[in-house]
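In short: position in the sequence shown from 1, add 1, done, that's our numbering. Where a beta carbon is used, it is the ideal one built from N, C-alpha and C, also for glycine. This structure is a prediction, so every number in the text was calculated from the model and none was measured.
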Amino acid sequence: GPPALIALDATLHLRKGSTTRQMPIADYFIEYGKQDRDIGELVTGVSIPKAVDNLHCYKLSKRFDQDISAVCGCVWIELDDDTISKVRLAYGGMAGIPKRAKHAEDVLRGKTWSEDTIRHAMDEMTKDFTPLSDMRASAKYRMQTAQNMLLRVWHERNGQTTSVHEVTP
Numbered sequence: 002g003p004p005a006l007i008a009l010d011a012t013l014h015l016r017k018g019s020t021t022r023q024m025p026i027a028d029y030f031i032e033y034g035k036q037d038r039d040i041g042e043l044v045t046g047v048s049i050p051k052a053v054d055n056l057h058c059y060k061l062s063k064r065f066d067q068d069i070s071a072v073c074g075c076v077w078i079e080l081d082d083d084t085i086s087k088v089r090l091a092y093g094g095m096a097g098i099p100k101r102a103k104h105a106e107d108v109l110r111g112k113t114w115s116e117d118t119i120r121h122a123m124d125e126m127t128k129d130f131t132p133l134s135d136m137r138a139s140a141k142y143r144m145q146t147a148q149n150m151l152l153r154v155w156h157e158r159n160g161q162t163t164s165v166h167e168v169t170p
């Protein structure tokens, strides 16, 4: 979905008649129900950068498959030795539009890859989002889930079990 495409820095291709344009998908979403698209303008394609290593995407919904997400989080992170050199955190279900967690990204970029760094970024997410409560999840639950999705990346990249399907009693 859109959070994965935002985390991957995808480009949208739009067309209206013979006029074409391109834009980062992150700029396409303006507010709930409003996109940067003219009347009669169509999305004709999506370009995704070839290198898609280091992408982690998670979906939280009441049912495992075929359900609308309460939260969808995608993390693209690149390390240079033990330093976070590049990062994009994108979430759906945390605002009226899918968007990046730029405060959290700023805390991570250039820092040492550590659980303390991740936890600091988790705290900064409260500056990025003010989620709503609805029938899918409360605002507090959405925030905690989004933060935990980032922590899950830390655990997965350090070889720890994170899936409930891998845990045995």
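Just to confirm the assignment, what range does the beta strand (DSSP E) spanning residue i have?
i, result
"Tyr33", "Segment: none, Tyr33 is in no beta strand (DSSP E) and carries neither H nor E."
"Trp155", "Careful: Trp155 lies outside any beta strand (DSSP E), inside the alpha helix (DSSP H) at 140-158."
"Lys63", "Looking at the DSSP string, Lys63 is not in any beta strand (DSSP E), and its letter there is neither H nor E."
"Asp25", "The sequence as given places Pro at residue 25; Asp does not occur at that position. Residues 20-25."
"Ile78", "72-81"
"Ser134", "Where Ser134 is concerned, there is no enclosing beta strand (DSSP E), given that its DSSP letter is neither H nor E."
"Ser164", "Note, Ser164: premise wrong, no beta strand (DSSP E); not H, not E."
"Thr113", "No beta strand (DSSP E) contains Thr113, which DSSP labels as neither H nor E."
"Gly171", "Outside the shown range of the chain (2 to 170) lies residue 171, about which nothing can therefore be said."
Could you pull out every residue in the same chain whose Cβ sits closer than 8 Å to the Cβ of residue i, ignoring the five residues on either side in sequence?
i, result
"Ala71", "Leu61, Ser62, Lys63, Gly94, Arg137, Ala138, Tyr142, Arg143, Thr146"
"Gln36", "Tyr29, Phe30"
"Ile85", "Ile78, Glu79, Leu109, Arg110, Gly111, Lys112, Thr113, Trp114, Thr118"
"Thr21", "His14, Leu15, Thr45"
"Ala140", "Thr131, Pro132, Leu133, Ser134"
"Met24", "Thr12, Leu13, Leu15, Asp37"
"Ile69", "Ser62, Arg137"
I'd like the list of long-range same chain contacts for residue i, defined as Cβ closer than 6 Å, with 5 residues on each side in sequence excluded.
i, result
"His57", "Val76, Val154"
"Arg16", "Leu43, Thr45"
"Val88", "Ile78, Glu106, Leu109, Arg110"
"Ala96", "Phe130"
"Glu125", "His104, Ala105, Val108"
"Met150", "Tyr59, Gly74"
"Ala5", "Cys58, Cys75"
The alpha helix (DSSP H) with residue i in it runs from where to where?
i, result
"Thr127", "116-129"
"Ile98", "First-last for Ile98: undefined, no H or E at that position."
"Leu6", "3-8"
Near residue i, what residues of its chain come up, given a Cβ to Cβ distance below 7 Å and the 5 sequence neighbours on each side ignored?
i, result
"Leu9", "Ile49, Pro50, Val53, Leu56, Trp77"
"Glu116", "Trp155"
"Asp83", "Thr113, Trp114"
According to DSSP, what are the bridge partners of residue i?
i, result
"Lys51", "Its beta-bridge partners do not exist; DSSP assigns none."
"Arg38", "BP columns for Arg38 are empty, so no partner."
"Ala91", "Cys75, Arg101"
"Ile69", "Beta-bridge pairing links Ile69 to no other residue."
Taking 8 Å as the threshold, find out whether the region 127-136 comes into contact with the region 15-34 through three or more Cβ pairs. no
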